[in-house]
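A.B. asks: Count the sequence shown with my numbering and you get residues 25 to 640, in order.
Just so it is clear, CB atoms sit at the ideal spot from N, CA and C, and this is done for glycine as well.
In this text the structure is predicted, and so the values were computed from the model without any measurement.
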Amino acid sequence: MSWGTELWDQFDNLEKHTQWGIDILEKYIKFVKERTEIELSYAKQLRNLAKKYQPKKNSKEEEEYRYTACKAFLSTLNEMNDYAGQHEVISENMTSNITVELARYVQELKQERKSYFHDGRKAQQHIEICWKQLESSKRRFERDCKEADRAQQYFEKMDADINVTKADVEKARQQAQVRHQMAEDSKADYSSILQKFNHEQHEYYHTHIPNIFQKIQEMEERRIVRIGESMKTYAEVDRQVIPIIGKCLDEIVKAAESIDQKNDSQLVIEAYKSGFEPPGDIEFEDYTQPMKRTVSDNSLSNSRGEGKPELKFGGKSKGKLWPFIKKNKLMSLLTSPHQPPPPPPASASPSAVPNGPQSPKQQKEPLSHRFNEFMTSKPKIHCFRSLKRGGAAPEDFRNLPPEQRRKKLQQKVDELNKEIQKEMDQRDAITKMKDVYLKNPQMGDPASLDHKLTEVSQNIEKLRLEAQKFEAWLAEVEGRLPARSEQARRQSGMFDAQNPATVNSCAQDRESPDGSYTEEQSQEGEGKVLATDFDDEFDEEEPLPAIGTCKALYTFEGQNEGTISVVEGETLYVIEEDKGDGWTRIRRNEDEEGYVPTSYVEVYLDKNAKGAKTYI
25 MSWGTELWDQ FDNLEKHTQW GIDILEKYIK FVKERTEIEL SYAKQLRNLA
75 KKYQPKKNSK EEEEYRYTAC KAFLSTLNEM NDYAGQHEVI SENMTSNITV
125 ELARYVQELK QERKSYFHDG RKAQQHIEIC WKQLESSKRR FERDCKEADR
175 AQQYFEKMDA DINVTKADVE KARQQAQVRH QMAEDSKADY SSILQKFNHE
225 QHEYYHTHIP NIFQKIQEME ERRIVRIGES MKTYAEVDRQ VIPIIGKCLD
275 EIVKAAESID QKNDSQLVIE AYKSGFEPPG DIEFEDYTQP MKRTVSDNSL
325 SNSRGEGKPE LKFGGKSKGK LWPFIKKNKL MSLLTSPHQP PPPPPASASP
375 SAVPNGPQSP KQQKEPLSHR FNEFMTSKPK IHCFRSLKRG GAAPEDFRNL
425 PPEQRRKKLQ QKVDELNKEI QKEMDQRDAI TKMKDVYLKN PQMGDPASLD
475 HKLTEVSQNI EKLRLEAQKF EAWLAEVEGR LPARSEQARR QSGMFDAQNP
525 ATVNSCAQDR ESPDGSYTEE QSQEGEGKVL ATDFDDEFDE EEPLPAIGTC
575 KALYTFEGQN EGTISVVEGE TLYVIEEDKG DGWTRIRRNE DEEGYVPTSY
625 VEVYLDKNAK GAKTYI
């Protein structure tokens with residue numbers, strides 16, 4: 025069906041319809057443009073979301089991504105970046121293949137439509153002019169015919185009248201002939217114009233208008249085809265990225281399937297394993313057989329109240345306590361030295377009982393109550409010199425448990441080896457450049473590289489020494505090398521003097537006579553066991569001040585770990601009073617201090633002294 029034959033009289037409606045088609049096309053262009061903006065916005069939001077949850081560099085979050093679940097999440101974030109990129113591709117392709125192309129086509133379509141309807145209006149104007157000419161000739165012909173008829177009637181009237189002269193009759197006859205000739209001329213003109221108009225009208229309705237309407241129809245059909253092709257392109261743009269989006273989703277699924285819960289559990293063990301052994305069993309405290317001991321009238325223990333029963337322990341605990349647990353917390357739970365001090369000799373005093381129990385000192389609270397008090401107390405760190413002087417961790421990580429220390433040292437060794445390799449590569453590059461300068465002096469002065477080469481060599485030597493130092497610490501931790509002596513520690517400059525035999529270290533300042541630590545735990549606040557093999561891994565603390573003096577009433581052979589031997593009549597310094605366990609801490613000189621039974625000494629307190637060091 026052709027618009028030229030079927031719609032020959034619908035010029036105005038066709039004009040409106042074609043304008044509506046262009047409006048539809050522009051509306052579709054606007055729709056696609058808004059879709060591209062949505063895709064860009066969505067891609068930007070996805071990228072911002074992925075960036076927001078990316079681990080920050082040089083932060084604790086980077087360490088968390090060792091776990092397979094975190095690695096899978098990181099892979100998901102990376103895939104989301106690729107996923108966002110595909111939405112950006114959708115936006116770009118829709119803009120270039122649809123929006124831009126259709127916008128250009130709309131402009132061409134408007135120009136084409138304008139030319140067709142201009143031709144149609146021109147044809148309309150021409151046929152209207154022909155019609156007006158026809159109407160004008162028709163009216164003239166009609167007028168001339170009427171004038172000729174009136175002239176003929178007037179002549180006949182004059183010819184019939186006998187009173188009219190012959191001359192008047194002849195004049196009327198001539199006038200009638202003239203009018204009749206004019207009517208004939210008008211008739212001929214009208215006939216000619218009519219034929220011309222009929223020809224023009226036939227051309228208009230059967231040739232010009234059909235051709236114009238046919239072109240308009242073809243233009244409109246091309247518009248319809250073009251918008252259909254754009255819709256296909258719209259779908260194809262989406263379909264083209266579906267495989268890549270599917271691949272992104274497959275990678276996310278693959279990352280999720282790579283999660284290994286067993287591996288993550290092992291990583292937790294490696295991250296937090298201390299290397300210590302669990303604590304031993306707590307020994308039974310027999311409250312049914314209180315021990316008594318004889319105490320000097322002038323001893324410090326008398327001022328703390330007499331008549332209080334002393335706990336008796338059957339033997340020495342096998343487990344070592346975490347070195348950071350403060351003394352007044354766990355020491356009341358497991359008092360040092362886990363065995364009662366020996367009774368004084370028979371000649372101690374009139375009230376002394378030979379080989380009998382020690383005099384009562386202080387009634388202990390129930391074990392469960394003290395243990396609960398210890399577990400709920402807030403831990404504090406106070407025995408690390410590095411923490412007291414600014415919070416910097418020791419260079420050899422001796423503040424960490426053995427397993428964690430080994431990992432840190434291994435990590436440090438690996439980092440130093442990488443730096444050494446980097447410096448060696450730089451040295452090789454400088455050496456090659458120097459050789460090139462030597463062969464081609466015009467390229468540069470070889471001597472200018474000597475300073476840089478020397479500097480790099482010095483850096484390599486420094487890094488090697490540093491690596492050897494950390495390797496030695498690592499070997500010591502792993503048991504490949506024996507523990508270094510106090511002299512070696514002083515020479516290295518990395519340790520304070522803290523030989524296991526020396527009792528001035530922070531750890532031994534808080535050590536009970538059997539060698540078990542009773543300091544408050546570090547940052548975790550959990551009681552853990554620490555073997556005495558690691559006593560030398562903690563910094564020295566300032567020695568306790570003397571709070572008085574004491575005189576040995578009897579000779580005491582200090583055979584247990586943490587005790588000190590004294591001779592009868594010897595005068596020594598008191599640095600820690602009896603805590604109710606029957607032992608007093610004394611010092612002979614800067615290098616010798618330990619515990620002696622309180623009943624073996626007579627204590628003289630210094631009133632001006634600040635008192636024994638207390639623990640929170």
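Excluding the five sequence neighbours on either side, which residues of its own chain have a C-beta within less than 7 Å of the C-beta of residue 28, listed in chain order?
C.D. replies: Taking the first residue of the sequence shown as 1, we reach residue 28 at position 4. Hits under 7 Å: 233, 234, 235, 237 and 238.
A.B. asks: Are at least three pairs of beta-carbons, each pair with one atom in the stretch 145-165 and one in the stretch 217-230, less than 8 Å apart?
C.D. replies: Flag = yes, the stretch 145-165 and the stretch 217-230 touch.
A.B. asks: Name the residue from 184, 67 and 609 whose alpha carbon lies nearest to the alpha carbon of residue 570.
C.D. replies: Walking along the sequence shown from the start, residue 570 turns up at place 546. The option with the nearest alpha carbon to residue 570 is 609.
A.B. asks: Out of 185, 37, 601 and 424, state which residue places its alpha-carbon closest to the alpha-carbon of residue 300.
C.D. replies: On the sequence shown, residue 300 is found 276 positions in, with the first residue counted as 1. The residue with the shortest Cα to Cα distance from residue 300 is 424.
A.B. asks: Could you tell me which residues DSSP pairs with residue 629 in its beta bridges?
C.D. replies: Position 605 of the sequence shown, counted from the start, is the residue given in the question as residue 629. DSSP output for residue 629 lists 572 as bridge partner(s).
A.B. asks: Figure out for me which residue from 617, 468, 91 and 117 has the closest Cα to the Cα of residue 283.
C.D. replies: Your numbering for residue 283 matches position 259 in the sequence shown. Nearest option by C-alpha distance: 91.
A.B. asks: To the nearest angstrom, how far is the alpha carbon of residue 450 from that of residue 481?
C.D. replies: Translated into positions along the sequence shown, residue 450 becomes position 426. Translated into positions along the sequence shown, residue 481 becomes position 457. Computed Cα separation, rounded: 10 Å.
A.B. asks: Grouping DSSP H, G and I as helix and E and B as strand, with all else coil, what is residue 618?
C.D. replies: By one-based count along the sequence shown, residue 618 stands at place 594. Looking at residue 618 - three-state DSSP - the assignment turns out to be strand.
A.B. asks: Below 8 Å, how does it come out for the stretch 62-81 and the stretch 93-109: are there three or more Cβ pairs, yes or no?
C.D. replies: Output reads yes: the stretch 93-109 touches the stretch 62-81.
A.B. asks: Can you list, in chain order, the residues of its chain whose CB lies under 7 Å from that of residue 122, leaving out five sequence neighbours each side?
C.D. replies: Here residue 122 is taken as the residue at index 98 of the sequence shown, counted from 1. Hits under 7 Å: 56, 254, 257 and 258.
A.B. asks: Who are residue 611's beta bridge partners in DSSP?
C.D. replies: One-based indexing of the sequence shown puts residue 611 at position 587. BP columns for residue 611 point to 597 and 617.
A.B. asks: Among residues of its own chain, excluding the 5 on either side of residue 593, which ones have a beta-carbon nearer than 8 Å to its beta-carbon?
C.D. replies: Here residue 593 is taken as the residue at index 569 of the sequence shown, counted from 1. If we look at residue 593 and ignore the five residues flanking it on each side, its Cβ neighbours are 575 and 576.
A.B. asks: Residues in its own chain within less than 7 Å of residue 106 by CB, not counting five upstream and five downstream?
C.D. replies: Working through the sequence shown from its first residue, we reach residue 106 at position 82. The residues are 272.
A.B. asks: Just the Cα atoms here: how many angstroms apart are residue 440 and residue 81?
C.D. replies: Against the sequence shown, residue 440 aligns to sequence position 416. Against the sequence shown, residue 81 aligns to sequence position 57. Each residue's alpha carbon lies about 20 Å from the other.
A.B. asks: Assign residue 40 to one of three DSSP states: helix, strand, or coil.
C.D. replies: Position 16 of the sequence shown, counted from the first residue, corresponds to residue 40. Helix at residue 40.
A.B. asks: Buried or exposed for residue 376, going by 16 or more other Cβ atoms inside 10 Å?
C.D. replies: For this step, residue 376 is matched to residue 352 along the sequence shown. Its pLDDT being 37, under 50, residue 376 is placed unreliably by the model, and the measurement read from it follows with that caveat. With 16 or more Cβ atoms within 10 Å of its Cβ, residue 376 is classed as buried.
A.B. asks: In chain order, what residues of the same chain lie with their CB nearer than 6 Å to the CB of residue 548, ignoring the 5 residues before and after it?
C.D. replies: Translated into positions along the sequence shown, residue 548 becomes position 524. Model confidence at residue 548 stands at a pLDDT of 40, short of 50, so the residue's coordinates are unreliable; what they give is reported in the following sentence. Cβ neighbours of residue 548 beyond the five flanking positions: none.
A.B. asks: Which residue from 240, 162 and 64 puts its Cα closest to that of residue 137?
C.D. replies: Position 113 of the sequence shown holds residue 137. Considering only alpha carbons, the answer is 240.
A.B. asks: With a threshold of 16 other CB atoms inside 10 Å of the CB of residue 600, please say whether the residue is buried or exposed.
C.D. replies: Start at 1 with the first residue of the sequence shown, and residue 600 comes out as number 576. With 16 or more Cβ atoms within 10 Å of its Cβ, residue 600 is classed as buried.
A.B. asks: Does the count of Cβ pairs from the stretch 127-146 and the stretch 170-181 closer than 8 Å reach three?
C.D. replies: The stretch 127-146 vs the stretch 170-181: no contact.
A.B. asks: Using three-state DSSP, classify residue 421 as helix, strand or coil.
C.D. replies: Counted from its first residue, the sequence shown places residue 421 at position 397. Looking at residue 421 - three-state DSSP - the assignment turns out to be coil, as it is neither helix nor strand.
A.B. asks: With a threshold of 16 other CB atoms inside 10 Å of the CB of residue 605, please say whether the residue is buried or exposed.
C.D. replies: Counting from 1 along the sequence shown, the entry for residue 605 is found at position 581. Result: buried.
A.B. asks: Since I believe residue 48 is in contact with residue 127 (beta carbons under 8 Å), could you give me their beta-carbon distance rounded to a whole number of angstroms?
C.D. replies: The residue you call residue 127 lines up with position 103 of the sequence shown. The residue you call residue 48 lines up with position 24 of the sequence shown. About 14 Å; that fails the 8 Å criterion.
A.B. asks: Any idea what DSSP makes of residue 309, helix, strand or coil?
C.D. replies: Counting from 1 along the sequence shown, the entry for residue 309 is found at position 285. Three-state result, residue 309: strand.
A.B. asks: What is the rounded straight-line gap between the Cα of residue 84 and the Cα of residue 262?
C.D. replies: As a first step, residue 84 is located in the sequence shown; it is residue number 60 there, counting from the start. As a first step, residue 262 is located in the sequence shown; it is residue number 238 there, counting from the start. Computed Cα separation, rounded: 40 Å.
A.B. asks: Between residue 620 and residue 591, is the Cβ-Cβ spacing less than 8 Å?
C.D. replies: Here residue 620 refers to the residue found at position 596 when the sequence shown is read from its first residue. Here residue 591 refers to the residue found at position 567 when the sequence shown is read from its first residue. Not a contact, by the Cβ cut-off of 8 Å.
A.B. asks: Is DSSP giving residue 587 helix, strand or coil here?
C.D. replies: The residue you call residue 587 lines up with position 563 of the sequence shown. Strand at residue 587.
A.B. asks: Count the other CB atoms within 10 Å of the CB of residue 426; is the residue buried (16 or more) or exposed (fewer)?
C.D. replies: Here residue 426 refers to the residue found at position 402 when the sequence shown is read from its first residue. That one is buried.
A.B. asks: What's the gap between the Cα of residue 630 and the Cα of residue 573?
C.D. replies: Reading the sequence shown from its first residue, position 606 is the one you call residue 630. Reading the sequence shown from its first residue, position 549 is the one you call residue 573. Their Cα atoms are separated by approximately 8 Å.
A.B. asks: I'd like to check one pair, residue 165 with residue 216: are the Cβ atoms closer than 8 Å?
C.D. replies: As a working note, residue 216 is residue 192 in the sequence shown. As a working note, residue 165 is residue 141 in the sequence shown. No, the pair does not count as a contact, with Cβ atoms beyond the cut-off.
A.B. asks: What is the rounded straight-line gap between the Cα of residue 155 and the Cα of residue 39?
C.D. replies: By one-based count along the sequence shown, residue 155 stands at place 131. By one-based count along the sequence shown, residue 39 stands at place 15. Going from the Cα of residue 155 to the Cα of residue 39 covers about 24 Å.
A.B. asks: Do you know offhand how far residue 267's Cα is from residue 58's?
C.D. replies: Counting from 1 along the sequence shown, the entry for residue 267 is found at position 243. Counting from 1 along the sequence shown, the entry for residue 58 is found at position 34. Roughly 24 Å separates the two Cα atoms.
A.B. asks: Under the assumption that residue 611 contacts residue 597 (Cβ atoms under 8 Å), give the Cβ distance between them as a whole number of angstroms.
C.D. replies: Reading the sequence shown from its first residue, position 587 is the one you call residue 611. Reading the sequence shown from its first residue, position 573 is the one you call residue 597. Right, the Cβ-Cβ distance comes to about 5 Å (below 8 Å), so this counts as a contact.
A.B. asks: According to the Cβ coordinates, are residue 723 and residue 133 closer than 8 Å?
C.D. replies: No information on residue 723 is available, as it lies outside the stretch 25 to 640 that the chain covers here.
A.B. asks: Under the assumption that residue 60 contacts residue 115 (Cβ atoms under 8 Å), give the Cβ distance between them as a whole number of angstroms.
C.D. replies: Position 36 of the sequence shown, counting from 1, holds the residue named residue 60. Position 91 of the sequence shown, counting from 1, holds the residue named residue 115. Between residue 115 and residue 60 the Cβ distance is about 4 Å, and since that is below 8 Å, they are a contact.
A.B. asks: Rounded to a whole number of angstroms, what is the C-alpha to C-alpha distance between residue 434 and residue 269?
C.D. replies: Along the sequence shown, one-based indexing puts residue 434 at 410. Along the sequence shown, one-based indexing puts residue 269 at 245. Each residue's alpha carbon lies about 42 Å from the other.
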